[in-house]
Amino acid sequence: MSGPADSDWDVVVVGAGSAGCALAARLVDAGRRVLVLEAGADHPQPGDFPPALRDAAVLGAVTPGHPANWTYTAQLAEDVSYPVVRGRVLGGSSAVNGTYFVRGTRADFDGWAADGNELWSYDAVLPAFRRSETDADHPGSPVHGDSGPMPVRRVAGGHPVTEAFAAACGELGFPAEPDKNADGPPGHGPLPLNVADGVRVNTAMAYLSPRRGSPLLTVRGGTRVTAVLFAGDRAVGVQTEHGAVHADEVVLAAGAVATPQLLMLSGIGPADQLRAAGVAVRVHAPGVGADFTDHPDLYLTWQPRERLPAPRGLLPLSSALHTTSAGSPTPGDLEVMPWLKPFSRVLLDRAPGSPVAEALRRPVTTLRALRGASLHRLLDQARRREDLFLAVALQQEDSRGRLSLVSADPAVQPRIEHRYLTEESDRRRMREVVRLATELLRTAAFAPLVAARTGLDDDVLADDRELDRWTRRHLATAIHLAGTARMGPDGDPGAVVDQQLRVRGVRGLRVVDTSVMPRVTSRGPAATAVMLGERAAELMTDDPARFSPLAG
Ligand SMILES: Cc1cc2nc3c(=O)[nH]c(=O)nc-3n(C[C@H](O)[C@H](O)[C@H](O)COP(=O)(O)OP(=O)(O)OC[C@H]3O[C@@H](n4cnc5c(N)ncnc54)[C@H](O)[C@@H]3O)c2cc1C
0 MSGPADSDWD VVVVGAGSAG CALAARLVDA GRRVLVLEAG ADHPQPGDFP
50 PALRDAAVLG AVTPGHPANW TYTAQLAEDV SYPVVRGRVL GGSSAVNGTY
100 FVRGTRADFD GWAADGNELW SYDAVLPAFR RSETDADHPG SPVHGDSGPM
150 PVRRVAGGHP VTEAFAAACG ELGFPAEPDK NADGPPGHGP LPLNVADGVR
200 VNTAMAYLSP RRGSPLLTVR GGTRVTAVLF AGDRAVGVQT EHGAVHADEV
250 VLAAGAVATP QLLMLSGIGP ADQLRAAGVA VRVHAPGVGA DFTDHPDLYL
300 TWQPRERLPA PRGLLPLSSA LHTTSAGSPT PGDLEVMPWL KPFSRVLLDR
350 APGSPVAEAL RRPVTTLRAL RGASLHRLLD QARRREDLFL AVALQQEDSR
400 GRLSLVSADP AVQPRIEHRY LTEESDRRRM REVVRLATEL LRTAAFAPLV
450 AARTGLDDDV LADDRELDRW TRRHLATAIH LAGTARMGPD GDPGAVVDQQ
500 LRVRGVRGLR VVDTSVMPRV TSRGPAATAV MLGERAAELM TDDPARFSPL
550 AG
């Protein structure tokens, strides 16, 4: 807790997550005095992170109620309540996630630009992507970086499931996509991962740790922000649990749930909703929380003929198929991804610090956090915990979700309604991708590994209505929520920020996290969240020359 007096900050960044760390680091590089406030624990150096967060072979901090996450209850559909976790620690969700590090596609970014955000076209954001990474597999490539903070590499074959999956995709005629970050046509191929020597390299390790000695950077963990402070229409700082902090500019980077909540707690949101919650209205902004997007997904389980190798350190993900649904204008709107080890090994590792060990240490917290989950689901997962699975997902939904403020108390979570599969076009595509995954399991390539598909009978698979019902019972979320404070041009009533990411209707306040995405990217958003931080720093300092494309 050292640094200049509170009024001396040029910028206060709220949230040290995927976007916030990248932004803060680049602002420091540009000579700004930056204060980062993070609700979760601070871990200054990579070695300070607990093993459960470092070990990329397990999802060690995703058990509901784990101290390194926020556990929210979301309604995925009308009758589907589901616990949704997000990172609550330095590094944010990048410290707890699956390490799949795939960029959004050219169509995604050019779509944002076509909506009036031309600063975010594919060509405009490519330098920020390059600057963010060191891609060990593609040195010297014009689309990759070779000296940026985030390490990226792909795992070659070597596991029977990876090899069977590639052969099965080939057997069904899908093209290979050897580099999923190279703007090629969608296909099957290895996943870029932000893992180095088995360590999940989060954005705090990559961006903040090397700058900890800088007098321009101060990081305060364990500091929850509860509102933005204003003088007239200018943001002048933030209120924290421990007191007020003042700065010339405020950036909310608290993620797609907490950022819209903070905006609304500060009086910026749909007027009726704010009044009903007892919050004075500063700016009527109907777009806050409205029309968000995410990736609905589910797991198709299968039983292997024999126990497949799962050596210690085996990463759970290695490859994915992206393909385009019948008649879709969005290339690669469907995803199928094999997991190489069962849930029992990904989540229920009994090593010290693992989710199960943690849950056993804190049974009451875990149970309380799980209260949003259906008993049917928990039992189903327990029954199939030794099965392997293909994760299938819809990567560009037509349905839209809604996040709303229900209380002026910052400790009360907003209501999160995904409204997944409300559009028939989404139900149709979900059927298509589930059926595609079953086809993959039936190929000659997979046959030697598969004893049986479990949990989905042929007669259900063949009947659209039955399959819709089954899908609803197994519906999950990839936790890729985006667009709760989206960017857009003048005249777009749903746009909360302009394309410089400045909050409309006030001065001195920006949003830099996945909240600003007009639509969720057609790939997982982690790599794009980091790019958002990089690109926002360019826009805030208005000096792109300062950021050489490959500066580390
Ligand atoms: C379990 C899990 C697995 C995932 N797997 C993948 C994957 O493999 N690939 C992929 O592409 N995407 C994945 N995602 C999604 C991806 O990680 C996120 O979309 C992305 O990291 C979000 O970045 P962000 O900067 O918007 O927010 P975050 O990274 O969530 O950062 C927000 C930060 O703000 C802090 N904060 C919140 N409220 C406050 C407050 N009031 N005061 C102070 N600080 C606050 C939080 O603690 C957090 O550190 C996953 C997400 C989760 C949760």
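Heads up, the sequence shown is in numbering that gives the first Met the number 0, so the first residue is 0 and it goes up one at a time. Quick reminder that beta carbons are idealized off the backbone N, C-alpha and C, glycines included. The structure presented is a predicted model; accordingly, all values stated were derived computationally and were not measured.
query: So what's Gly504 in DSSP terms, helix, strand or just coil?; result: coil
query: So who's on the other strand from Ser318, going by DSSP bridges?; result: Pro189
query: Measure the C-alpha to C-alpha separation of Asp467 and Leu480 and round it to an integer number of angstroms.; result: 23 Å
query: DSSP three-state label for Arg349, please.; result: Note on Arg349: pLDDT 49, under 50, position unreliable in the model; the coordinate value appears next. Of the three classes helix, strand and coil, the one that applies to Arg349 here is coil, per DSSP.
query: Residues in the same chain with beta-carbon distance under 7 Å from Pro285, minus the five sequence neighbours each way, listed in chain order, please.; result: Pro269, Pro492, Gly493
query: Could you say which of Arg428, Pro447, Arg304 lies nearest to Pro328 if we only look at CA atoms?; result: Arg428
query: Here's the rule: buried if 16 or more other CB atoms are within 10 angstroms of the residue's CB, otherwise exposed. What is Met0?; result: Any reading at Met0 needs caution, since the residue's pLDDT is 41, under 50, leaving its predicted position unreliable; the model's value is listed next. Per the 10 Å Cβ criterion, exposed.
query: How would you label Gly97, buried or exposed, when you count the other beta carbons within 10 angstroms and need 16 or more for buried?; result: buried
query: Quick test of your reading: Arg506 and Val496, contact by CB under 8 Å. State the CB separation rounded to the nearest angstrom.; result: With a Cβ gap of about 13 Å, Arg506 and Val496 do not count as contacting.
query: Answer yes if the region 65-77 comes into contact with the region 417-427, meaning at least three C-beta pairs across the two stretches below 8 Å, and no otherwise.; result: yes
query: What does a CB cutoff of less than 6 Å around Leu307 pick up in its chain, not counting 5 residues either side in sequence?; result: Pro159
query: Specify the secondary structure class of Met530 as computed by DSSP and reduced to three states.; result: helix
query: Once the 5 residues before and after Ala550 are set aside, which same chain residues still bring their CB inside 6 Å of it?; result: Unreliable positioning characterises Ala550 in this predicted model, as indicated by a pLDDT of 39, which lies under 50. A coordinate reading is not provided.
query: In its own chain, which residues sit with a C-beta less than 6 Å from the C-beta of Asp348, not counting the 5 before and 5 after it?; result: Only weak support exists for where Asp348 lies, its pLDDT of 48 falling under 50; the coordinates are left without a value.
query: Got a sec? Which residues, its chain only, sit under 6 Å from Arg452 by beta carbon, not counting five neighbours each side?; result: Trp301, Leu440
query: Could you compute how far the alpha carbon of Val449 sits from the alpha carbon of Asp134?; result: 34 Å
query: Considering only C-alpha positions, which residue in the set Ala246, Ala252, Val227 is nearest to Leu565?; result: Any question about residue 565 goes unanswered here, given that the chain covers just 0 to 551.
query: My output table needs one value for Arg241: the three-state DSSP class, helix, strand or coil.; result: According to the sequence as given, residue 241 is His; it is not Arg. Coil, per DSSP.
query: Exposed or buried, what is Gln272 when buried is set at 16 or more other beta-carbons lying within 10 Å of its beta-carbon?; result: buried
query: Only counting the same chain, and skipping five residues up and downstream in sequence, which positions put a Cβ closer than 8 Å to that of Ala407?; result: Leu264, Ala276, Gly277, Val278
query: If you draw a straight line from the alpha carbon of Val124 to that of His143, how long is it in whole angstroms?; result: 12 Å
query: Excluding the five sequence neighbours on either side, which residues of its own chain have a C-beta within less than 7 Å of the C-beta of Gly103, listed in chain order?; result: Thr520, Ser521, Arg522, Thr527
query: List the DSSP bridge partners of Ser80.; result: Gln74
query: Going by the CB atoms, is the gap between Ala325 and Glu431 shorter than 8 Å?; result: yes
query: Alpha carbon to alpha carbon, how far is Ser140 from Gly188?; result: 18 Å
query: Does the distance from the C-beta atom of His42 to that of Ala252 stay below 8 Å?; result: no
query: Confirm, please, whether the CB-CB distance from Ser93 to Leu190 is below 8 Å.; result: no
query: Can you tell me whether Arg223 sits near ligand 1, meaning its C-beta is under 7 Å from at least one heavy atom of the ligand?; result: yes
query: How big is the Cα-Cα spacing for Asp463 and Asp456?; result: 13 Å
query: Using the C-alpha atoms, what's the distance from Gly487 back to Asp114?; result: 7 Å
query: Going by the C-beta, is Gly231 closer than 7 Å to any heavy atom of ligand 1?; result: no
query: Spatial neighbours of His241 within its chain, please: C-beta separation below 7 Å, excluding the five flanking residues on both sides.; result: Thr222
query: Just verifying my parser: in three-state terms, what is the DSSP assignment at Arg344?; result: helix
query: Look at the alpha carbon of Ile335 and the alpha carbon of Val391, and state the distance between them as a whole number of angstroms.; result: Here residue 335 turns out to be Val, not Ile, going by the sequence shown. Val335 and Val391: Cα-Cα distance of roughly 5 Å.
query: What distance in whole Å lies between the Cβ atoms of Ala106 and Pro330, which are believed to be in contact at a cut-off of 8 Å?; result: 6 Å
query: Measure the Cβ-Cβ separation of Val287 and Gly266 and say whether it is below 8 Å.; result: no
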